[in-house]
Structure formats: structure tokens, C-alpha cells
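Contents: one structure, followed by commentary.
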Amino acid sequence: MKLPAKMRQVFSIDKTTFMDICIIPVLATSLAITIGLLLLLLTGESYQTALKALISLFVGSFGSISAVSETLTASTPLIFAALGIAIGFRAGLFNIGAEGQIIVGGLAAVIIGFSVE
Numbered sequence: 010m011k012l013p014a015k016m017r018q019v020f021s022i023d024k025t026t027f028m029d030i031c032i033i034p035v036l037a038t039s040l041a042i043t044i045g046l047l048l049l050l051l052t053g054e055s056y057q058t059a060l061k062a063l064i065s066l067f068v069g070s071f072g073s074i075s076a077v078s079e080t081l082t083a084s085t086p087l088i089f090a091a092l093g094i095a096i097g098f099r100a101g102l103f104n105i106g107a108e109g110q111i112i113v114g115g116l117a118a119v120i121i122g123f124s125v126e
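In case it helps, this note's numbering puts the sequence shown at residues 10 to 126.
Here's what the structure looks like:
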């Protein structure tokens with residue numbers, strides 16, 4: 010069964026898929042870690058302290074099942090906001106208010122939570 014032209018356009022895969030999916034996120038993460046370590050070293054800390062901080066970051070985030078669970082709990086709202094933005098971009102809409110939407114949504118949840126008896 011052949012998909013209609015409109016659906017083929019929506020589900021099309023570019024030749025840059027491997028680069029988009031694998032290489033760019035790895036480079037961005039590596040660059041962020043490098044900049045973080047450089048900023049830590051600029052404060053006058055030793056290399057050992059900077060490496061201990063990096064190790065603590067990874068162990069605190071992924072060192073146990075509980076740590077992974079907490080990492081996913083904290084990142085879930087950001088993941089859903091990013092998915093919402095990605096869907097809007099894919100549809101050709103530009104929405105830059107995701108951070109405000111998260112804040113207002115959290116505030117509304119707190120208000121509703123306190124008002125329910």
C-alpha cells in the first residue's frame with residue numbers, strides 16, 4: 010500500500026538523518042561538558058576537583074536505578090515541552106513560549122491542588 014503524497018512528505022527521511030540523530034547531539038553534549046569544565050577551571054579549582062565534579066554529575070544522574078528514576082522525573086516536563094515544540098515546528102508553526110507554558114501549567118496545577126479538598 011502506497012502512502013498519499015502528503016503523508017509521504019510528513020514521514021520522509023532525509024539523508025542527514027544519521028547526523029541529526031547521532032553526531033550532532035553527541036557533539037553538543039561534549040561541547041557543553043567541555044565548556045562546563047573550562048568554567049570550573051576558570052574559578053581556580055584544580056583538575057582533580059573538576060574531574061570529581063564531572064564524575065559526581067554522572068553518578069548522581071545515572072549511578073543507580075533511583076538516580077535514573079529521579080533524572081527522568083525531573084526531565085519529563087522538559088521532554089514533553091520539547092516534543093510539543095517539535096510537533097509545532099514540523100507543522101510549520103513557530104512557538105517560542107514553551108518555558109512560560111511550563112511555568113503557567115505548574116502554577117495552575119499548584120492552584121488546583123490546593124483548592125481540591
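Glycine residues also receive a C-beta, built at the ideal position from the N, C-alpha and C atoms.
Inter-residue CB distance, residue i and residue j (contact presumed, cutoff 8 Å)
| i | j | result |
| --- | --- | --- |
| residue 104 | residue 114 | At roughly 14 Å, the Cβ-Cβ gap does not stay under 8 Å, so residue 104 and residue 114 are not in contact. |
| residue 90 | residue 120 | No, residue 90 and residue 120 are not in contact; Cβ-Cβ is about 20 Å, not under 8 Å. |
Residue closest to residue i, alpha-carbon to alpha-carbon, out of the options
| i | options | result |
| --- | --- | --- |
| residue 94 | 83, 107, 80 | 107 |
| residue 6 | 53, 56, 86, 28 | Any question about residue 6 goes unanswered here, given that the chain covers just 10 to 126. |
Beta-carbon gap between residue i and residue j smaller than 8 Å
| i | j | result |
| --- | --- | --- |
| residue 42 | residue 63 | yes |
| residue 80 | residue 70 | yes |
| residue 51 | residue 59 | no |
Straight-line Cα distance separating residue j from residue i
| i | j | result |
| --- | --- | --- |
| residue 38 | residue 32 | 10 Å |
| residue 34 | residue 40 | 10 Å |
| residue 46 | residue 126 | 48 Å |
| residue 92 | residue 100 | 12 Å |
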